[in-house]
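Adding 130 to a residue's 1-based position in the sequence shown gives its number in our numbering. For reference, the structure discussed in these notes is given below.
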Amino acid sequence: MDADEQQRSGGPAADQGSAGGLDEAAAALRQGQWQRARAGFEAALDQEESAEALEGLAEAAWWLEDASQVLSARQRAYHLFRRRGDDLDAGRVASELGFDHAVFRLELAVANGWFQRAHRLLDDLEPVAEQVWLGLREAEVAYHTAGDMAGTRQLAAGAHKLAADLDLLDAQMMGLALEGLTLVGSGEIDEGLRRLDEATVAAVGGELESYKAISGICCFMIFACERVRDLERARQWCEQYMAYCERNGMPGYLAFCRAHHASVLEARGRWAEAEAELDGAREALQARPAWSLTVFARLGELRRRQGRSEEAAALFERAQPHPGGILGAARLAWDSGDSDTARDLAEGLLGRVPDADRVERLAALELAAELRCAAGEMGAAEEAVAEFEEVTEAVGTDWLTGSASHLRGRLALAGGDPTAARAWLQVGLDAYQRVGLPFDEARAQVDLARALHALDRQEAAREQARTASASFEQLGATVEAGKVRAMLDELSPATRGVAGGLLSPREEQVLRLLARGASNQEIADELVVSPHTVRRHVSNLLTKLDVSSRTAAAAWAHEHDVV
131 MDADEQQRSG GPAADQGSAG GLDEAAAALR QGQWQRARAG FEAALDQEES
181 AEALEGLAEA AWWLEDASQV LSARQRAYHL FRRRGDDLDA GRVASELGFD
231 HAVFRLELAV ANGWFQRAHR LLDDLEPVAE QVWLGLREAE VAYHTAGDMA
281 GTRQLAAGAH KLAADLDLLD AQMMGLALEG LTLVGSGEID EGLRRLDEAT
331 VAAVGGELES YKAISGICCF MIFACERVRD LERARQWCEQ YMAYCERNGM
381 PGYLAFCRAH HASVLEARGR WAEAEAELDG AREALQARPA WSLTVFARLG
431 ELRRRQGRSE EAAALFERAQ PHPGGILGAA RLAWDSGDSD TARDLAEGLL
481 GRVPDADRVE RLAALELAAE LRCAAGEMGA AEEAVAEFEE VTEAVGTDWL
531 TGSASHLRGR LALAGGDPTA ARAWLQVGLD AYQRVGLPFD EARAQVDLAR
581 ALHALDRQEA AREQARTASA SFEQLGATVE AGKVRAMLDE LSPATRGVAG
631 GLLSPREEQV LRLLARGASN QEIADELVVS PHTVRRHVSN LLTKLDVSSR
681 TAAAAWAHEH DVV
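Printed below as a string of structure tokens:
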């Protein structure tokens with residue numbers, strides 16, 4: 131690989147004076163023949179140890195998922211370059227070692243140490259390709275670990291500009307894609323996706339040479355699509371990139387892409403296929419713990435929905451500190467009735483995600499809004515919903531639009547306005563149906579049934595609940611299916627209206643739960659209303675039944691076969 135090729139790819143180069151075996155190994159590396167390249171570099175090292183052969187060996191091992199060989203060979207190459215006073219090559223290797231420690235070991239302090247060594251060696255040189263790739267490596271690690279959109283964008287923009295000045299197309303497109311990803315994260319969706327589209331077309335269209343640049347750009351695109359919940363866009367790019375990875379023998383990137391593809395399959399209700407993708411990705415990413423976190427989080431969420439709580443808890447534990455692991459643990463706590471732990475986890479995560487990372491905040495905002503509604507904190511819930519809506523308006527995807535309307539409907543329902551709730555929930559339901567999201571659709575139908583019940587439209591309420599129950603059963607969402615079955619029992623005509631029209635439908639529902647021994651908080655959680663609303667209903671039904679206590683109301687309910 132000549133000097134110009136080395137600059138374009140950001141990878142190692144063979145010394146032009148090296149033996150023919152080293153030249154052949156470098157050629158195999160450029161062609162993506164990883165096993166052949168590794169064998170060639172190992173053979174060259176058997177003859178004579180050189181920094182070039184060690185660097186080439188590390189690069190071949192990188193694609194073969196041999197983390198130990200990557201780190202040992204790259205560190206030995208660094209020391210040999212330093213020993214001969216070659217700051218440029220040593221700086222390049224230090225930059226890659228920083229990235230290696232982040233990806234393979236999740237050792238961020240060590241990664242930062244190597245990045246700083248690279249800066250010390252490279253910053254005072256005239257503009258060179260190694261400075262560009264150092265900036266790109268730092269930007270990518272910072273994006274995934276710190277969530278600092280402004281800082282990451284500044285690093286990416288600086289690398290992009292220098293790459294353009296040096297006419298390094300691969301690095302230029304990589305920088306453009308990273309800028310696009312940060313713009314999407316900041317809520318500037320259209321501009322961000324335009325940059326990502328351009329970079330990705332260059333990557334898959336044959337213009338670029340660096341396998342790491344091509345792979346990184348495609349991952350950034352898929353990640354952006356998933357974050358804004360653009361399922362169709364994510365599906366198309368996942369399929370394109372998975373085919374590319376299979377053709378070029380890139381198991382690590384293929385596995386990471388399969389994990390993202392699994393989220394598309396899960397959202398579409400194809401849970402068995404999603405599980406297969408996640409299991410395959412988990413196996414293939416054993417050497418990359420940093421990349422495995424998202425796999426554990428996604429598989430944990432699938433297990434939670436399937437009612438396999440113990441497995442879900444273990445997976446969420448392994449996924450942390452990934453946000454998906456924290457949110458999953460919060461949802462699991464809420465499923466078990468531990469609303470305090472759920473609140474602590476969700477609010478804690480929301481407090482740690484910077485305001486500037488607007489898209490990353492969406493999942494935490496969604497859960498926080500639901501938990502605040504259940505706690506009767508209507509003002510705080512309104513704030514969360516309003517922020518969610520603001521970002522959704524900028525993004526504009528059907529899934530997010532549906533989620534925003536669904537949240538607004540739940541807020542209205544918790545606030546005692548079933549008429550407004552019904553209208554908002556129908557909008558959300560329509561959006562979910564357009565995209566084809568059976569789990570979200572069923573959840574919206576459950577809430578719509580609650581709103582219809584409160585409006586005394588009992589047959590319509592039962593129809594929505596029956597449809598939701600069938601969907602949950604078909605998906606294998608056992609916990610949700612059980613909740614809906616209990617709801618259908620309460621909506622059954624055989625048990626309705628025992629109070630002879632004395633109580634409203636909602637008051638009858640509260641009376642049934644009260645008679646079963648539920649606290650106000652438990653009733654609020656079950657009905658997705660605030661404890662304040664429950665207290666009002668309890669007070670009203672005590673007055674209407676002419677009884678003085680909850681115990682007397684429970685006795686009345688048992689006497690009249692309400693329970």
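Even for Gly, the Cβ is constructed at its ideal location relative to N, Cα and C.
Asked, Found
"Rounded to whole angstroms, what is the Cα-Cα separation between residue 333 and residue 404?", "27 Å"
"Who are the near neighbours of residue 525 in its chain, counting only those whose CB is closer than 6 Å to its CB and skipping five residues on each side?", "319 and 358"
"Could you give the first and the last residue of the continuous alpha helix (DSSP H) run that contains residue 669?", "661–675"
"Rounded to a whole number of angstroms, what is the C-alpha to C-alpha distance between residue 692 and residue 676?", "16 Å"
"With a 10 Å radius around its C-beta and 16 neighbouring C-beta atoms as the bar for buried, classify residue 472 as buried or exposed.", "buried"
"If I follow the unbroken alpha helix (DSSP H) through residue 304, where does it start and stop?", "299–315"
"Any idea if residue 478 is buried or exposed, counting beta-carbon neighbours within 10 angstroms, 16 or more meaning buried?", "exposed"
"What are the start and end residues of the alpha helix (DSSP H) that includes residue 369?", "361–378"
"Helix, strand or coil for residue 392, going by three-state DSSP, please let me know.", "helix"
"DSSP three-state call for residue 605: helix, strand or coil?", "helix"
"Tell me whether residue 194 counts as near the ligand NAD, meaning its Cβ is closer than 7 Å to at least one heavy atom of that ligand.", "Because no ligand of any kind appears in the structure shown, any question about the ligand NAD cannot be addressed here."
"Using a Cβ-Cβ cutoff of less than 7 Å, which residues in the same chain neighbour residue 515 once the five nearest sequence positions on both sides are dropped?", "499, 537, 538 and 541"
"Please report the residue range of the alpha helix (DSSP H) in which residue 509 lies.", "508–525"
"Looking at the structure shown, is residue 466 part of a helix, part of a strand, or coil, going by DSSP?", "coil"
"Cα-Cα, which of 298, 329, 300 and 301 is closest to residue 311?", "329"
"Consult DSSP for residue 258 and reduce its assignment to one of helix, strand or coil.", "coil"
"Indicate whether the contact test is met: 3 or more Cβ pairs, each with one atom in the stretch 250–269 and one in the stretch 445–459, closer than 8 Å.", "no"
"Smallest Cα separation from residue 502: which of 222, 635, 470 and 430?", "470"
"If you count every other CB in all the chains shown that lies within 10 Å of the CB of residue 331, and 16 or more means buried, which is it?", "exposed"
"Using C-beta distances below 6 Å, list every residue in its chain close to residue 206, excluding the 5 sequence neighbours before and after it, in chain order.", "184"
"So, is residue 649 buried or exposed, given that buried needs 16 or more other C-beta atoms within 10 angstroms?", "exposed"
"To the nearest angstrom, how far is the alpha carbon of residue 654 from that of residue 636?", "12 Å"
"Near residue 625, what residues of its chain come up, given a Cβ to Cβ distance below 6 Å and the 5 sequence neighbours on each side ignored?", "Residue placement at residue 625 is poorly supported in this model, since its pLDDT is 45, which falls under 50; the coordinates still yield a value, given next. Taken in chain order, the list of residues that qualify is empty."
"Buried or exposed: residue 663, going by 16 or more other Cβ atoms within 10 Å of its Cβ?", "buried"
"What residues in its chain sit with their C-beta under 6 Å from that of residue 394, if we drop five residues either side in the sequence?", "361, 364 and 365"
"Pick helix, strand or coil for residue 336, following the three-state DSSP scheme.", "coil"
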